[in-house]
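Read the structure below first, then the notes.
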Amino acid sequence: MKEMHTTLVTDITKHLRQQWYHYIIFVEIYADIEVGFMWESLRKITRNFYYQQVSKVLETEFLMKIEKKKDELLNKISKLRKKIDEYNAGLENRKKLYECSRKKGTLKEGLEMENNFRWKSASEIGLLK
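Throughout, the working numbering is defined as the position within the sequence shown, counted from one, plus 291.
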């Protein structure tokens, strides 16, 4: 009983609560002393211990999980940005190629020829060359 009154709530462990539980049972059974008030104290201590453990989990583990998820998402974002940069570089190369071929006129001529031949038969296209 004295140990229950002198131990700080932050110093209580699962093992210490189990030890107090067994002490109370021992006194109740072998000393035939009324220990209802001790059971009530142990219930309150257990409740406070539980809330203390939940608080620790919420403060540490929950925040660590959020930080880990945040880091994973930032990593994914950086990978996606790299892909976007690669696609933009490829797009720029294709635009340069298009501009270069357009200046030469080959692409323009080919597109016009395709447009002209669209509604002709294959035999007519072969004869026109």
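Glycine included, every Cβ here is placed at the ideal spot set by N, Cα and C.
Using the Cα positions of Trp-311 and Lys-347, report the straight-line distance between them to the nearest angstrom.
-> Spanning the two alpha carbons is a distance of roughly 23 Å.
Do Leu-307 and Thr-301 have their C-beta atoms closer together than 9 Å?
-> no
Have a look at Ile-357 and Lys-367 and give me their C-alpha separation to the nearest angstrom.
-> 15 Å
Taking Cβ positions, are Met-329 and Ile-320 nearer each other than 9 Å?
-> For Met-329 and Ile-320, no; Cβs fall outside 9 Å.
Rounded separation between Gln-309 and Leu-333 - CA only = Distance between the alpha carbons of Gln-309 and Leu-333: 10 Å.
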